[in-house]
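So for the sequence shown, the working numbering puts the first residue at 307; every next one is plus one. Ideal placement from N, C-alpha and C gives every residue a C-beta, glycine not left out. Written below as structure tokens is the structure these notes are about.
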Amino acid sequence: MAKASKKSPVILALDPAPGIKNPKQFAIKTINAVARHVCAIKMNFHLLLPLSLRQVSEITAAAHLSGLQCIADIKLNDIGNTNEVALTQLVRMGFDAVIANPFMGAEELASLVKKAHQLNVGVIALVYMSHPDAKDGYGLETRRGMLYRTFLDRAARADADGIVVGATQTEILKEIMLEKKQAGLSIPVYSPGVGAQGGDVETAMKSGTDYLIVGRSIIEAKDPAEAAGILQRKALAG
Ligand code: BMP
Numbered sequence: 307m308a309k310a311s312k313k314s315p316v317i318l319a320l321d322p323a324p325g326i327k328n329p330k331q332f333a334i335k336t337i338n339a340v341a342r343h344v345c346a347i348k349m350n351f352h353l354l355l356p357l358s359l360r361q362v363s364e365i366t367a368a369a370h371l372s373g374l375q376c377i378a379d380i381k382l383n384d385i386g387n388t389n390e391v392a393l394t395q396l397v398r399m400g401f402d403a404v405i406a407n408p409f410m411g412a413e414e415l416a417s418l419v420k421k422a423h424q425l426n427v428g429v430i431a432l433v434y435m436s437h438p439d440a441k442d443g444y445g446l447e448t449r450r451g452m453l454y455r456t457f458l459d460r461a462a463r464a465d466a467d468g469i470v471v472g473a474t475q476t477e478i479l480k481e482i483m484l485e486k487k488q489a490g491l492s493i494p495v496y497s498p499g500v501g502a503q504g505g506d507v508e509t510a511m512k513s514g515t516d517y518l519i520v521g522r523s524i525i526e527a528k529d530p531a532e533a534a535g536i537l538q539r540k541a542l543a544g
């Protein structure tokens, strides 16, 4: 996976609100409006379920034309064969990276990353999600400490291209930032959760976030380009 441009640390979560009449058109219009303020787009089930392979490919092509990378957010977590089929389809649609859940197991994750790298795409591993109930999963106590510690370890050992840690999880972000420094790890941190979910841009950037993933605060703004520009400036200042 090519490194995302540093011109902006903001990734657009391209999640049209339910009921949007033409989601593909909406997606392409939004990409064109905000492209200069973001480095990538992330597509979730909001678009991947209602649209066809061809329609999704048209969106990734529009993003690539604007110089943006495309991340498929399907939080992949299945048996190896199914993971590989999903990965291959996503590559056909033009995605540059997929988000996966290390819950699948250390070996499965490592083999997914290996396969992805052969196909020249990246894998971003969920380590700790942004919603308040995330502690009920990623924060579960295990014999090896909290579950996210194992997920972080799996992501690093598998040579994943990034990790997701919620922007709302300030203490965990800081802990991981310190740990990365001590271990000489450079794996980038992708953080959803600012704005609509209550996370703060400056706090997240100071706590170790490399890329902010932002949906509703941009998409639902009166002027999405202006909202993305403000986020970009705040993130670069943070
Ligand atoms: P919003 O900025 O509108 O809250 O959107 C955040 C996006 O990031 C959504 O697509 C959501 O599914 C995703 N996400 C998240 O919010 N928290 C996580 O921990 C992981 C995610 O993928």
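Name the one or two DSSP bridge partners that L382 has. Under DSSP, L382 forms a beta bridge with A406.
What residues in its chain sit with their C-beta under 6 Å from that of Y517, if we drop five residues either side in the sequence? Contacts found: P315, I317, Y496.
Give me the Cα-Cα distance between E413 and N407, rounded to the nearest whole angstrom. Cα-Cα distance, rounded: 12 Å.
If you follow the beta strand (DSSP E) that K348 is part of, which residue opens it and which one closes it? Here the beta strand (DSSP E) through K348 covers 346 to 349.
In the DSSP assignment, what residue or residues form a beta bridge with E447? According to DSSP, which records beta bridges pairwise, E447 is partnered with M452.
Taking S372 as the reference, give the member of R398, A341, I385 with the closest Cα. Among R398, A341, I385, the Cα nearest to that of S372 is on A341.
Comparing the CB of P322 with every heavy atom of the ligand BMP, is any distance shorter than 6 Å? Every heavy atom of the ligand BMP is 6 Å or more from the Cβ of P322, so no.
Check whether the region 503 to 512 and the region 452 to 461 are in contact - that is, three or more C-beta pairs closer than 8 Å. With the cut-off at 8 Å, the region 503 to 512 and the region 452 to 461 do not touch.
Going by CA-CA distance only, name the one from L537, A510, G400, K381 that's closest to V429. If we check each option's Cα against that of V429, K381 comes out closest.
Is N383 near the ligand BMP, judged by its Cβ being under 6 Å from some heavy atom? In this structure, N383 has its beta carbon at no less than 6 Å from each heavy atom of the ligand BMP.
3 or more residues per run - each beta strand (DSSP E) lying fully within the region 443 to 521: Runs of the beta strand (DSSP E) inside the region 443 to 521: 468 to 471, 495 to 498, 517 to 520.
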